[in-house]
Amino acid sequence: MVGERIKQLRTKKGYSISELAKIAGVSKSYLSYIERNVQRNPSLQFLTKIAETLETSMEYLLEEEIQLDEEWISLIKKAINDGVSKEDFQKYLDFVKFKKWEEDQHDPSIRL
Numbered sequence: 001m002v003g004e005r006i007k008q009l010r011t012k013k014g015y016s017i018s019e020l021a022k023i024a025g026v027s028k029s030y031l032s033y034i035e036r037n038v039q040r041n042p043s044l045q046f047l048t049k050i051a052e053t054l055e056t057s058m059e060y061l062l063e064e065e066i067q068l069d070e071e072w073i074s075l076i077k078k079a080i081n082d083g084v085s086k087e088d089f090q091k092y093l094d095f096v097k098f099k100k101w102e103e104d105q106h107d108p109s110i111r112l
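Numbering-wise, UniProt numbering puts 9 at position 9 of the sequence shown, and it's gapless, one number per residue.
This is the structure in C-alpha cells:
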C-alpha cells in the first residue's frame, strides 16, 4: 500500500514523520494517517510533494505489489523456457481480452 511505501522510503532516508512533513510542505497528521492506512486515498498534490521529497515517482508510490504463488511462478518459468517472449505474452493477453469481448458481444444478458 502507498502508506507502507512512503514509510519505507522515509525511514530509509532517515526522516521522522515531522521532518518529512516539514520538508515536503504537507500536514504531519495527514502524513501519519497515510502511513498508518487510516487515510487510504491520498490526494495527487500530496503524492507529488512526497514523491519529490523522497526522490521517487508517484507511480512507484502507487504501484501495488503482487505476490505470485508457486503455480504462477512455475507457469511463467515454463513459458520463458519454452521461448515465449514478452511480446508473445502481450499478444496472448490481447487475444484473450478480444475473445472475452467477442463472447460478451454474443451474450444476450449483457445487452441493454
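Even glycine gets a Cβ: it sits at the ideal position worked out from N, Cα and C.
* Go to asparagine 37, then tell me how far its alpha helix (DSSP H) extends in each direction, as first and last residue. => First-last for asparagine 37: undefined, no H or E at that position.
* Pair every Cβ in the segment 73-88 with every Cβ in the segment 42-58, then say whether three or more of these pairs are closer than 8 Å. => no
* Asked: Would you report the Cα separation of arginine 10 and leucine 54, rounded to the nearest angstrom?
  -> 7 Å
* Quick one: give me the first and last residue of the alpha helix (DSSP H) that leucine 93 is part of. => Residues 86-106.
* Could you tell me which of Glu87, Ile23, Leu61 sits nearest to glutamate 35, measuring between CA atoms? => Leu61
* Where serine 88 and glycine 3 are concerned, what is the direct C-alpha to C-alpha distance, given to the nearest angstrom? -> Note on residue identity: the sequence assigns aspartate, not serine, to residue 88. Roughly 35 Å between the two C-alpha positions.
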